[in-house]
Amino acid sequence: NNRAFDILDYNLELLWDTGTTVVEFVFYTICTLESFFDKILKYAKVIGVNLIYKALQLYYVLQKPDVPAADKGIIIAALGYLISPLDFIPDPIPVAGYTDDALALALAIAKVSMYIDEEVNRLAKQKLDDIFGQGTSDNL
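Here is the structure:
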């Protein structure tokens, strides 16, 4: 759609003119096209609570100042892949559609697992309960 190309074109100009890093550019572009939480709400039933919990863990690790830029880049790539309309296995395919998304999240979780502390888990569970109702995170 033309809006997506307009946003991409604007963001490329921003990247060139301001010296924005490529990681910042990708993250900003993804967030401009469709916010992370909007995607979660839109596809929550299909994706499943466990996959959303993993995505939220990554999201909250991304907010931590002590996480190296390279690891933040991996998180951004995994979350970007989750909300991207382009997939190796298209999301509308029953059962298999989100396996590639789950793999991307699992690889990112494995890489940054040392940053997933009690605070990250608490924030992710709290957000799950905010989105789906109290008690959703009790079995995680």
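Letter 25 of the sequence shown, counting from 1, is numbered 90 in our numbering, and no numbers are missing.
Note that beta-carbon positions come from the ideal geometry of N, C-alpha and C, so glycine has one too.
- If you check the CB distance, residue 192 and residue 121 come in under 8 angstroms.
- Taking residue 178 as reference, the option from 194, 198, 119, 115 with the minimal CA-CA separation is 119.
- Distance between residue 180 and residue 136, taken at the CA atoms: about 10 angstroms.
- Classified as buried, residue 169 has 16 or more neighbouring CB atoms from the shown chains inside 10 Å of its CB.
- Going by beta carbons, residue 143 and residue 175 fall outside the 8 angstroms limit.
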